[in-house]
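One structure is given here, and the rest of the page talks about it.
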Amino acid sequence: METAMLTLVSFDLCPYVQRAAIALAEKGVPFERRDVDLDLKPDWFKAMSPLGMVPLLQVGNEVLFESTVIVEYLEDTQAPPLHPADPLARARHRAWMEVGSSILADIWTIETTPDRAAFDAKIVALRDKFQRLEAELGDGPYFGGQHFGLVDAVFAPAFRYFDVFDRFIDLGVFNGLAKVQVWRRALAARPSVKNAVVTDYEARLEAFLRSQSSWLASRMG
Numbered sequence: 007m008e009t010a011m012l013t014l015v016s017f018d019l020c021p022y023v024q025r026a027a028i029a030l031a032e033k034g035v036p037f038e039r040r041d042v043d044l045d046l047k048p049d050w051f052k053a054m055s056p057l058g059m060v061p062l063l064q065v066g067n068e069v070l071f072e073s074t075v076i077v078e079y080l081e082d083t084q085a086p087p088l089h090p091a092d093p094l095a096r097a098r099h100r101a102w103m104e105v106g107s108s109i110l111a112d113i114w115t116i117e118t119t120p121d122r123a124a125f126d127a128k129i130v131a132l133r134d135k136f137q138r139l140e141a142e143l144g145d146g147p148y149f150g151g152q153h154f155g156l157v158d159a160v161f162a163p164a165f166r167y168f169d170v171f172d173r174f175i176d177l178g179v180f181n182g183l184a185k186v187q188v189w190r191r192a193l194a195a196r197p198s199v200k201n202a203v204v205t206d207y208e209a210r211l212e213a214f215l216r217s218q219s220s221w222l223a224s225r226m227g
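Encoded structure:
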């Protein structure tokens with residue numbers, strides 16, 4: 007069992023940091039959190055991060071980067087397991103984690119593009135992906151059923167964006183998707199998910215959205 011002190015290097019709005027924070031909380035692993043300003047990256051961070059991005063996980067004197075690598079490392083070293091034991095089910099969960107990453111890329115475009123056509127195209131793409139998820143989900147409340155997994159840790163930060171979007175615009179992404187909506191609510195209620203962000207996260211996200219010269223910002227009033 008890993009005993010080295012863990013430090014999660016983070017940024018307050020980063021959904022990939024949230025994945026790692028959720029996994030650490032679900033496994034009950036103590037860790038320190040060290041925030042950086044990505045607009046004014048300190049020298050120690052530049053030296054530590056090959057891609058100049060968060061999250062980073064410091065494990066003693068070693069540094070891991072990329073959120074998928076970090077959560078898989080935690081899965082390899084910390085109990086309880088958050089992946090299914092069956093190899094085929096585990097591979098399926100990992101594949102859907104990649105879909106979760108693609109959804110975050112779609113959301114970034116929604117947040118930042120000034121182009122209405124590009125915005126609308128990403129809404130269609132999101133709707134399609136969540137419809138596919140609706141077909142994959144079982145009885146819930148989580149992706150794999152009763153047990154929270156790493157795939158849930160990936161999707162929870164994506165769903166969190168819509169808590170803010172819903173205040174200003176009805177994107178219609180989840181209309182008619184009953185299982186996805188149950189899943190979204192279950193993740194939002196999970197303590198590890200709630201505590202993965204700062205207490206004023208929604209206000210910070212709203213401020214970021216308003217700062218963009220985007221089509222979405224123009225609809226926020």
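Going from the sequence shown to the numbering used here is simple: count from 1 and add 6. Just so it is clear, CB atoms sit at the ideal spot from N, CA and C, and this is done for glycine as well. Computed from a predicted model, the values in this text were never measured in an experiment.
Practice prompt. Label GLN152 either buried or exposed according to how many other C-beta atoms from any shown protein chain fall within 10 Å of its C-beta, with 16 as the threshold for buried.
Written response: exposed
Discussion item. Assuming contact is defined by CB atoms lying nearer than 9 Å, are ILE109 and PHE171 in contact in what I supplied?
Written reply: no
Worksheet item: For GLY155, which residues of its own chain have a beta-carbon under 8 Å away from its beta-carbon, when the five flanking residues on both sides are left out?
Response: LEU88, HIS89, PRO90, HIS99, TYR148, PHE149
Worksheet item: Looking only at its own chain, which residues have a Cβ that is under 7 Å from the Cβ of GLU212, when we skip the five neighbours before and after it?
Response: VAL170
Worksheet item: Between which two residues does the beta strand (DSSP E) harbouring THR83 extend?
Response: Run containing THR83: none in the beta strand (DSSP E); it sits in the alpha helix (DSSP H), 73 to 83.
Discussion item. By alpha-carbon positions, which one of PRO21, ALA192, ASP92, GLU81 ends up nearest to ASP234?
Written reply: There is no way to answer for residue 234, as the model of the chain reaches only from 7 to 227.
Worksheet item: From what residue to what residue does the beta strand (DSSP E) around SER16 run?
Response: 12 to 16
Worksheet item: Is the stretch 176 to 189 touching the stretch 71 to 90 in the sense that three or more CB pairs, one from each, lie closer than 8 Å?
Response: no
Item to complete: Report back the beta-carbon spacing between LEU231 and TRP102 to the nearest angstrom; my notes put them in contact at under 8 Å.
Response: Here the chain comprises residues numbered 7 to 227, so residue 231 is not present and cannot be evaluated.
Worksheet item: What does a CB cutoff of less than 6 Å around VAL157 pick up in its chain, not counting 5 residues either side in sequence?
Response: HIS99, TRP102, MET103, PHE149
Item to complete: Taking the CB atoms as reference points, tell me whether SER107 and VAL160 lie closer together than 9 Å.
Response: yes
Worksheet item: Can you give the Cα-Cα distance for ALA123 and PRO21, rounded to whole angstroms?
Response: 25 Å
Worksheet item: Are at least three pairs of beta-carbons, each pair with one atom in the stretch 8 to 19 and one in the stretch 35 to 53, less than 8 Å apart?
Response: yes
Worksheet entry | Reference GLU140; option with closest CA among ARG96, GLN187, VAL130 | GLN187
Worksheet item: Does the beta-carbon distance from VAL199 to ARG166 come in below 9 Å?
Response: yes
Discussion item. Measuring straight from C-alpha to C-alpha, what distance separates PRO163 and VAL23?
Written reply: 9 Å
Worksheet entry | Same chain, Cβ closer than 7 Å to LYS47, neighbours up to 5 away in sequence not counted | GLY58
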